[in-house]
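All remarks here apply to the structure that follows.
Number of protein chains: 2
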Amino acid sequence: MNPKLINSIEEMSTIRRQLKGKIGFIPTMGFLHEGHLSLVSAAEKQSDIVIVSIFVNPTQFNVNEDLSNYPRNIERDIELLSNMKVNYIFFPTDEQMYPEGFKTWVNVDKITQVLCGISRPTHFRGVTTIVAKLMNIIDPDLMFMGEKDFQQLVVLKQMVKDLNFRTKIVGCSIVREEDGLALSSRNKYLTNEGRKKALCLNKSLLLAQKLFSEDIRSSNKIISQMTILIEDNEGIIDYIEVIDQESLEHISELKSGCRIALAIIVENTRLIDNIKII
Amino acid sequence: MNPKLINSIEEMSTIRRQLKGKIGFIPTMGFLHEGHLSLVSAAEKQSDIVIVSIFVNPTQFNVNEDLSNYPRNIERDIELLSNMKVNYIFFPTDEQMYPEGFKTWVNVDKITQVLCGISRPTHFRGVTTIVAKLMNIIDPDLMFMGEKDFQQLVVLKQMVKDLNFRTKIVGCSIVREEDGLALSSRNKYLTNEGRKKALCLNKSLLLAQKLFSEDIRSSNKIISQMTILIEDNEGIIDYIEVIDQESLEHISELKSGCRIALAIIVENTRLIDNIKII
């Protein structure tokens, strides 16, 4: 089907008010890959109407980050979505979303100040603010998000709960290449060689699961083994953390149901991944 | 009519989704007076369904402020609202609105850091957060607020605009006693003598308007005259400011359409008032 393209907030709001049925929403920054498309598939199954937003949100990039050369390809995105049951694509301009004089921010405390929040101090404030805006414009019943950005998922669930948004957030599994690399728009930055090195993220997480299965429980021991594997592949570690899935607090002894999250720099590109220990 | 009393967020949300027509909403902290009732009257005229919330919001009080002895009289509030066309009274508990682990805040920059924001640094963060929550629960078409809390009105309009809430905020004129004292739940704290002294707020604002009509334009000159009048009445000045109505920025020369806002302490009670210069 051909999704209707909407680039004005007012038009989106007006159309939304005329829609009936369950609305499934997928917020994206475009440059879509199979990870995004898996979210669209989930939305198709659980909703009557599917809305995808494409907006490279400037406020979630830190000043030294890759906003200007963040990959974009709106024509290809539209084509990909046209092959699925997407009813509307919302792609507003920066000027509409952040008009002159904009000065309101949604902040989630504590859980935004760990993990990725340490090297990206204003990132989550940008994420929560743009998602609050999009939820107010689109008023979805369900919002679909990937577990690759695990901290983002936890932060947004906290925001939805605390601010009483009626939207339910549905977390969806990480989609990986056959060799295990988690899909990410940033993978595009990697050379062929970097692409191979980047496998260390998933490999180290699988190693952790293996060690856990062999009854090793110490977070420190497991992180040490992961560190060796990653550094052998020339990955530079931003963080590796064993965490509680809800509080994101550090856990010193692994247990079933906890999560290991990491951020690794490969060829100047910062990649993230995580695993739920079972 | 007898308004239906609702004290659960879930019940309020469920009922809301079944309502049709234009919803008018008045958020209050209870201990209602004619100022609040004038907002209800405005809502009656402009809406199909009127919802009033009563919630003494702890997060908008600073630590040294009067939360614990803030005046409350829910029975009287219900009685007053029963004499009007109010459909629902929403009065949730603190535990529901701020459950354990609550950690999300809405912040409006700049315009919350002037005027009342100087002596009440976390006040507006509490106001914007609770109103965001209430708007998400009640999803009103119109929200009615008094101009007495002028900075609050400007801050909330900014939040609604920036975060794309669909609600329209309707500002309503200040309601005054016959002698000019602006109605406030805090007037209850005043002795008979303090009540008389407190007239200096409105009198000094009327003096400013009179001086403007006599072609005096200098903010400093006008504030000096106001200061004399207030100090003669034993009022302690927190601030007197001539401001732009939208940016809340200081203006050095009065002009038609600007506003003068002040906060004065009378008998340990901090009272605010303002006037639009015409």
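Quick mapping for you: the protein sequence lines, in order, are chains A and B. If you read the first sequence in our numbering, its first letter stands for residue 1, the second for the next number, and so on. If you read the second sequence in our numbering, its first letter stands for residue 279, the second for the next number, and so on. For glycine and all other residues, C-beta sits at the position ideal for the given N, C-alpha and C.
Close to D551 of chain B, with beta-carbon spacing below 7 angstroms, lies no residue of chain A; the smallest spacing is near 26 angstroms.
The stretch 329-343 of chain B and the stretch 365-376 of chain B touch, with three or more beta-carbon pairs separated by less than 8 angstroms. Between L485 of chain B and I518 of chain B a beta carbon distance of about 11 angstroms is seen, past the 8 angstroms cut, so the two are scored as non-contacting. Look at the beta carbons and you see the stretch 251-269 of chain A not touching the stretch 104-114 of chain A: under three pairs across the two are nearer than 8 angstroms. A distance below 6 angstroms between beta-carbons, with the five flanking residues on each side excluded, links L297 of chain B to the following residues of its chain, in chain order: I327. Annotation for N274 of chain A: the continuous beta strand (DSSP E) segment containing it runs 269-276. Scanning its chain for C-beta atoms nearer than 8 angstroms, with the 5 sequence neighbours on each side dropped, one finds around V127 of chain A the residues N57, Q60, Q152, V155, L156, in chain order. Residues of chain B with a Cβ closer than 9 angstroms to the Cβ of K133 of chain A are, in chain order, D440, L441, N442.
Chain order gives the chain A residues near Q436 of chain B as K103, T104, where near means a beta carbon separation below 7 angstroms. Taking the C-beta atoms as reference points, G35 of chain A is found no nearer than 8 angstroms to I74 of chain A. In this structure, DSSP gives K148 of chain A a state outside helix and strand, which the three-state scheme calls coil. Counting only residues of its own chain and dropping the five nearest sequence neighbours on each side, K411 of chain B has a CB closer than 7 angstroms to the CB of M375. Near chain A, meaning a CB-to-CB distance below 7 angstroms, the residues of the stretch 290-301 of chain B are S291. Counting only Cβ-Cβ distances below 8 angstroms, N187 of chain A has no contacts in chain B at all, with the closest Cβ about 32 angstroms away. For C200 of chain A, there is no enclosing beta strand (DSSP E); the residue is part of the alpha helix (DSSP H) that begins and ends at 199-213. Cβ contact annotation for T382 of chain B (same chain, cutoff 8 angstroms, sequence separation greater than five): T407, in chain order. F144 of chain A sits close to C172 of chain A, with the two beta carbons spaced by under 8 angstroms. In this structure, the beta-carbon distance from I265 of chain A to I236 of chain A falls below 8 angstroms.
Look at I287 of chain B: its C-beta is under 8 angstroms from a C-beta on chain A. Taking 8 angstroms as the Cβ-Cβ cut-off, the stretch 62-87 of chain A has no residue approaching chain B. Under the Cβ distance rule, K221 of chain A does not count among the residues neighbouring chain B, no pair being separated by less than 8 angstroms.
Minimum Cα-Cα distance from G146 of chain A among the listed residues A:T93, A:G21, A:A43 corresponds to A:A43. Across the structure, E193 of chain A and C200 of chain A are spaced so that their CA atoms are roughly 12 angstroms apart. In the DSSP annotation of this structure, the continuous segment of the alpha helix (DSSP H) that includes N220 of chain A starts and ends at 219-232. Burial of D77 of chain A is indicated by the presence of at least 16 other C-beta atoms within 10 angstroms of its C-beta. Within the stretch 312-339 of chain B, the complete beta strand (DSSP E) segments at least 3 residues long are 327-332, listed from N- to C-terminus. The C-beta of N414 of chain B comes closer than 8 angstroms to at least one C-beta of chain A. Boundaries for F303 of chain B: no alpha helix (DSSP H) harbours it, while the beta strand (DSSP E) harbouring it runs 301-306, taken from the DSSP string. Less than 8 angstroms separates the beta-carbon of I9 of chain A from that of N442 of chain B.
In terms of CA proximity to R259 of chain A, A:S247 leads the group A:T269, A:N268, A:S247. For K388 of chain B, the nearest CB of chain A lies under 8 angstroms from its own CB, placing it at the interface with that chain. Residue state for Y467 of chain B is assigned as helix, using DSSP reduced to three classes.
In the DSSP assignment, L80 of chain A falls within the unbroken alpha helix (DSSP H) covering 74-82. Annotation: E519 of chain B is outside any alpha helix (DSSP H); the continuous beta strand (DSSP E) that includes it extends over 514-521. Within the model, the alpha-carbon separation for I137 of chain A versus G302 of chain B is close to 20 angstroms.
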